[in-house]
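So for the sequence shown, numbering that gives the first Met the number 0 puts the first residue at 0; every next one is plus one.
For every residue, glycine included, the Cβ atom is placed at its ideal position computed from N, Cα and C.
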Amino acid sequence: MIRIQPSGDGVTFAVKVHPRARRERISGMLGNVLKLEITAPPLEGRANDACIDFFSDFLKVPRSSITIAAGL
C-alpha cells in the first residue's frame, strides 16, 4: 500500500518514475512506492513536468497544486 503522509497543507508520497515509456500510466507498486511510466525523457525538466501534468490530470487538481519535493 502506498504511504501517504500529511505535509504542510497537502500530502507527500513516493513515486518511482520510468521515463521514455511507451505510454503514461501508473504501472504498479514497488513496496510503498507508486510506479509511474511517462513518455517524456529525463532531460531539461521534461520528465518532472510530465509527472506534474500526469498527477494534475489524475487527481483533478490545478498543476500549481503539485510540487516535486526531491528527485534522484
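Checklist entry - Should I37 be labelled buried (16 or more other beta-carbon atoms within 10 Å of its own) or exposed? => result What you label residue 37 is simply residue 38 of the sequence shown in a count that begins at 1. Under this definition I37 is a buried residue.
Checklist entry - Comparing alpha-carbon positions, which option in C50, S63 and I65 lies nearest P18? => result By one-based count along the sequence shown, residue 18 stands at place 19. Selected option, being the one with the closest Cα: C50.
Checklist entry - Between the region 39-58 and the region 11-30, are three or more C-beta pairs nearer than 8 Å? => result In this structure the region 39-58 lies against the region 11-30, because at least three pairs of beta carbons, one per stretch, are closer than 8 Å.
Item to check | Secondary structure, beta strand (DSSP E): runs of 3+ residues fully inside the region 16-50 | outcome: If only uninterrupted beta strand (DSSP E) runs of at least 3 residues are considered, those enclosed by the region 16-50 are 24-29 and 32-36.
Next on the checklist: In the DSSP assignment, the beta strand (DSSP E) including S6 goes from what residue to what residue?
Outcome noted: Sequence index remark: in the sequence shown, residue 6 carries index 7 (1-based). Where S6 is concerned, the enclosing beta strand (DSSP E) stretches over Q4 to S6.
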